[in-house]
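A.B. asks: Can you read through this structure? Questions will come right after.
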Amino acid sequence: MANILVTGGAGFIGSNFVHYLLDNTSHRVVVLDKMTYAANEKSLEGSDPERFELVRGDIADRDIVNSLVKDADAVVHYAAESHNDNSLSDPSPFIHTNLVGTFTLLEAVRAYNTRYHHISTDEVFGDLELDDPAKFTETTPYNPSSPYSSTKAGSDLLVRAWVRSFGIDATISNCSNNYGPYQHIEKFIPRQITNVLSGITPKLYGEGLNVRDWIHASDHSSAVHTILEKGAIGETYLIGANGEENNITVLRTILRLMGQPEDAFEHVVDRPGHDLRYAIDGSRLREELGWTPQFTNFEAGLADTIQWYTDHRNWWEPLKAEVEAKYAKAGQ
1 MANILVTGGA
11 GFIGSNFVHY
21 LLDNTSHRVV
31 VLDKMTYAAN
41 EKSLEGSDPE
51 RFELVRGDIA
61 DRDIVNSLVK
71 DADAVVHYAA
81 ESHNDNSLSD
91 PSPFIHTNLV
101 GTFTLLEAVR
111 AYNTRYHHIS
121 TDEVFGDLEL
131 DDPAKFTETT
141 PYNPSSPYSS
151 TKAGSDLLVR
161 AWVRSFGIDA
171 TISNCSNNYG
181 PYQHIEKFIP
191 RQITNVLSGI
201 TPKLYGEGLN
211 VRDWIHASDH
221 SSAVHTILEK
231 GAIGETYLIG
241 ANGEENNITV
251 LRTILRLMGQ
261 PEDAFEHVVD
271 RPGHDLRYAI
281 DGSRLREELG
291 WTPQFTNFEA
301 GLADTIQWYT
311 DHRNWWEPLK
321 AEVEAKYAKA
331 GQ
C-alpha cells in the first residue's frame with residue numbers, strides 16, 4: 001500500500017495512528033477530518049509534508065469522500081462522534097457521522113474497490129457484571145446502551161452487510177478504552193491529569209467501581225496496522241491489552257504517580273446508564289496475526305501519558321477552562 005486515507009485523523013486515536021504510519025512505514029497519509037471540537041490540528045504537527053496531507057471535510061459528504069477514496073489504496077475509518085455524555089444530550093450528530101458517514105465511505109470503497117478497515121469499540125457489546133469472569137469475544141452479541149454505542153454498533157453491521165452483499169474488502173476491529181497522547185481532556189484520564197497540573201481537584205463518577213479495559217493508543221495503532229496488512233477479509237478482531245482497572249484505582253494511581261495523596265479527589269454525580277465493566281479477549285489477534293502490545297504494564301503506560309501532558313501544556317491548556325465549565329454545569 002502506498003496511499004492511506006485516514007478519516008478522523010486529527011482526533012485522538014486517529015492522530016496516534018497517523019504518527020505511527022509516518023514513523024514506521026513509507027506510506028503516504030491523507031487525513032479527512034471535519035475538525036470538530038474533538039479534533040486538533042496541533043496533534044498532527046511535525047508530519048512530513050511530502051507524505052502527509054490534511055483535508056477538512058465531512059465523511060458524509062459524498063463528493064469529497066469519492067474524490068479522496070479513488071486515489072487511496074486503503075481507507076482506515078476512525079472518524080466518529082464518541083463521547084457518551086454528548087450522545088445523551090444530543091444524539092443527532094452521532095446518527096449523522098457514525099451511520100450516514102460510514103454509509104458514505106462504504107459506497108465509495110465499493111465504487112473504487114478500495115481496501116477498508118473499520119475502527120469500532122467494545123461498547124457495542126454493552127457491559128459485563130463486575131464479578132463476571134467472562135470477556136468480550138468476536139462472537140459476543142451486540143447490546144449497546146447509549147446513542148453513541150448504538151450508532152457504532154449500527155456502523156459495524158453496515159460494514160458486515162457491505163462485505164456480504166457487495167463483496168467489499170473490509171475488516172473490523174473493536175478496541176477497548178484507549179489512553180495516551182493527544183486525547184481530548186474531556187475524557188477521564190487526561191481530565192484528571194490536567195486537573196492536577198492545573199491545581200484543580202480531580203473528579204470521580206459515583207463510587208468509581210466501573211471497570212474499563214485500558215490500552216495505550218500506540219498499541220492500538222500497531223494492532224490496526226497489523227490487521228490492515230495481515231487480517232482476513234470479512235473478519236472482526238478484538239484489540240485489548242489485558243488492562244482491566246476500575247476508575248477509582250486509575251485515579252488513585254494517577255495521583256500517586258503525580259506526587260499527590262491518593263484520596264485527593266471528590267466524587268461527582270454519575271453518568272446516566274453508566275456501563276459497569278468492559279473486558280476484551282484479544283487472543284485471536286495475538287494468535288492468528290502475531291500482534292503483541294508494547295505497554296503490558298498499565299502503570300508504565302500511565303506514567304508515559306502523564307509525562308506527555310506535563311510536557312505539552314500548550315496543547316491542552318487553551319481547552320481547559322471551557323471543558324471544566326461544561327462539567328461544572330452538569331454537576332460533574
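Take 1 as the starting number for the sequence shown in the UniProt record's numbering and just add one per residue. Backbone N, C-alpha and C fix where the C-beta goes; we use that ideal spot for every residue, glycine too.
In this structure, how does DSSP classify I4 when only helix, strand and coil are distinguished?
C.D. replies: strand
A.B. asks: Closer than 8 Å is the cut-off here; do at least three beta carbon pairs connect the segment 124-134 with the segment 78-91?
C.D. replies: Using a Cβ-Cβ distance cut-off of 8 Å, the segment 124-134 and the segment 78-91 are not in contact, since fewer than three pairs of beta carbons, one from each stretch, lie closer than that value.
A.B. asks: Does the distance from the CB of Y148 to the CB of N84 come in under 8 Å?
C.D. replies: yes
A.B. asks: Rounded to whole angstroms, what is the Cα-Cα separation between F295 and I215?
C.D. replies: 8 Å
A.B. asks: Could you tell me whether the Cβ atoms of V65 and A108 are closer together than 8 Å?
C.D. replies: yes
A.B. asks: Is H184 buried or exposed, if buried means 16 or more other CB atoms sit within 10 Å of its CB?
C.D. replies: buried
A.B. asks: Taking the alpha carbon of I172 as the reference point, which residue from L158, M35 and P181 has its own alpha carbon closest?
C.D. replies: Ranking L158, M35 and P181 by Cα distance to I172 puts L158 first.
A.B. asks: Out of P93, G154, L105 and Y205, point me to the one whose CA is closest to K70's CA.
C.D. replies: For the residues P93, G154, L105 and Y205, the minimum Cα distance to K70 belongs to L105.
A.B. asks: At the level of alpha carbons, what is the spacing between F52 and A279?
C.D. replies: 35 Å
A.B. asks: For N113, which residues from the same chain have a beta carbon less than 6 Å from its beta carbon, with the 5 sequence-adjacent residues on both sides left out?
C.D. replies: none
A.B. asks: Do the segment 324-332 and the segment 258-275 meet, that is, are 3 or more Cβ pairs less than 8 Å apart?
C.D. replies: yes
A.B. asks: How should residue 335 be labelled, buried or exposed, when 16 other C-beta atoms within 10 angstroms of its C-beta is the threshold for buried?
C.D. replies: Residue 335 cannot be examined here, being either before or after the span of the chain that is shown, 1 to 332.
A.B. asks: Between G282, G199, S198 and I193, which has its C-alpha nearest T253's C-alpha?
C.D. replies: I193
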